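Trainee: Structure provided below as C-alpha coordinates; questions to follow.
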Amino acid sequence: MIDIRINNKKHSFQTGCSLEKALDELKIFQNGIAVAVNNQVISRREWAATVLEDKDNILIITATQGG
(Lines of atoms letter the chains of each structure in order from A and count residues from 1; the text may use other names and numbers.)
(Lines give C-alpha, C1' and ligand atoms only; values in the text may rest on other atoms or scores of the structure.)
Protein backbone atom coordinates (compact mmCIF):
# COMPACT_ATOMS: atom_id res chain seq x y z
CA MET A 1 0.00 0.00 0.00
CA ILE A 2 1.06 3.58 -0.64
CA ASP A 3 -0.17 6.73 1.05
CA ILE A 4 -0.65 9.85 -1.04
CA ARG A 5 -2.24 13.22 -0.45
CA ILE A 6 -4.89 14.53 -2.83
CA ASN A 7 -5.82 18.16 -2.21
CA ASN A 8 -4.36 17.79 1.31
CA LYS A 9 -6.39 14.67 2.19
CA LYS A 10 -4.63 11.36 2.83
CA HIS A 11 -5.62 8.36 0.70
CA SER A 12 -4.21 4.83 0.43
CA PHE A 13 -3.86 2.85 -2.79
CA GLN A 14 -2.29 -0.39 -3.93
CA THR A 15 1.37 -0.21 -4.92
CA GLY A 16 1.65 0.37 -8.68
CA CYS A 17 -1.59 2.37 -8.87
CA SER A 18 -1.76 4.81 -11.78
CA LEU A 19 -3.02 8.36 -11.51
CA GLU A 20 -5.98 7.46 -13.74
CA LYS A 21 -6.93 4.48 -11.54
CA ALA A 22 -6.69 6.57 -8.37
CA LEU A 23 -9.04 9.18 -9.84
CA ASP A 24 -11.44 6.40 -10.91
CA GLU A 25 -11.37 4.78 -7.45
CA LEU A 26 -12.19 8.12 -5.83
CA LYS A 27 -14.96 8.70 -8.41
CA ILE A 28 -13.45 12.02 -9.46
CA PHE A 29 -15.09 13.30 -12.65
CA GLN A 30 -12.16 13.59 -15.06
CA ASN A 31 -13.48 16.19 -17.48
CA GLY A 32 -12.61 19.82 -16.85
CA ILE A 33 -9.81 19.18 -14.36
CA ALA A 34 -6.06 19.71 -14.30
CA VAL A 35 -3.85 17.45 -12.20
CA ALA A 36 -0.38 18.02 -10.80
CA VAL A 37 1.73 15.38 -9.06
CA ASN A 38 4.44 16.82 -6.82
CA ASN A 39 3.97 20.25 -8.45
CA GLN A 40 4.38 18.82 -11.98
CA VAL A 41 1.31 19.16 -14.23
CA ILE A 42 0.46 15.82 -15.85
CA SER A 43 -1.29 15.90 -19.23
CA ARG A 44 -4.43 13.79 -19.46
CA ARG A 45 -2.90 11.45 -22.02
CA GLU A 46 -0.21 10.56 -19.43
CA TRP A 47 -2.56 9.74 -16.52
CA ALA A 48 -2.71 6.00 -17.24
CA ALA A 49 1.09 5.75 -17.50
CA THR A 50 1.81 7.86 -14.40
CA VAL A 51 2.46 5.43 -11.54
CA LEU A 52 1.98 6.94 -8.11
CA GLU A 53 4.58 6.52 -5.39
CA ASP A 54 4.35 6.60 -1.62
CA LYS A 55 4.08 10.16 -0.24
CA ASP A 56 3.15 11.72 -3.62
CA ASN A 57 1.22 14.97 -3.36
CA ILE A 58 -1.55 15.47 -5.93
CA LEU A 59 -3.35 18.71 -6.61
CA ILE A 60 -6.61 18.67 -8.59
CA ILE A 61 -7.90 21.93 -9.98
CA THR A 62 -11.43 22.10 -11.38
CA ALA A 63 -12.29 24.49 -14.19
CA THR A 64 -15.12 26.89 -13.36
CA GLN A 65 -17.04 29.40 -15.38
CA GLY A 66 -17.25 32.98 -14.33
CA GLY A 67 -18.56 36.18 -15.64
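Quick note on numbering: the sequence shown equals residues 0 to 66 in numbering that gives the first Met the number 0. All residues carry an ideal CB built from backbone N, CA and C; glycine is no exception. Note that the structure is predicted; figures quoted are calculated from it, not measured.
#1: Roughly how many whole angstroms lie between the Cα atoms of N37 and N30?
#2: Is it buried or exposed for A35, if we count other Cβ within 10 angstroms and need 16 for buried?
#3: Could you work out which residue in G65, L58, A62 and Q64 is closest to K8 when comparing CA atoms only?
#4: Between I5 and the rest of its own chain, which residues show a CB-CB distance below 6 angstroms, the 5 nearest in sequence each way excluded?
#5: Output the distance between the C-alpha atoms of G65 and D55, rounded to the nearest integer angstrom.
Mentor: Quick look at the numbers:
#1: One-based indexing of the sequence shown puts residue 37 at position 38. One-based indexing of the sequence shown puts residue 30 at position 31. Whole-angstrom Cα-Cα distance: 21 angstroms.
#2: Residue 35 sits at position 36 when you count from the first residue of the sequence shown. A35 comes out exposed.
#3: The count along the sequence shown starts at 1 and reaches residue 8 at position 9. Among G65, L58, A62 and Q64, the Cα nearest to that of K8 is on L58.
#4: Taking the sequence shown and counting its residues from 1, one reaches residue 5 at position 6. Around I5: I57.
#5: The count along the sequence shown starts at 1 and reaches residue 65 at position 66. The count along the sequence shown starts at 1 and reaches residue 55 at position 56. One C-alpha to the other measures close to 31 angstroms.
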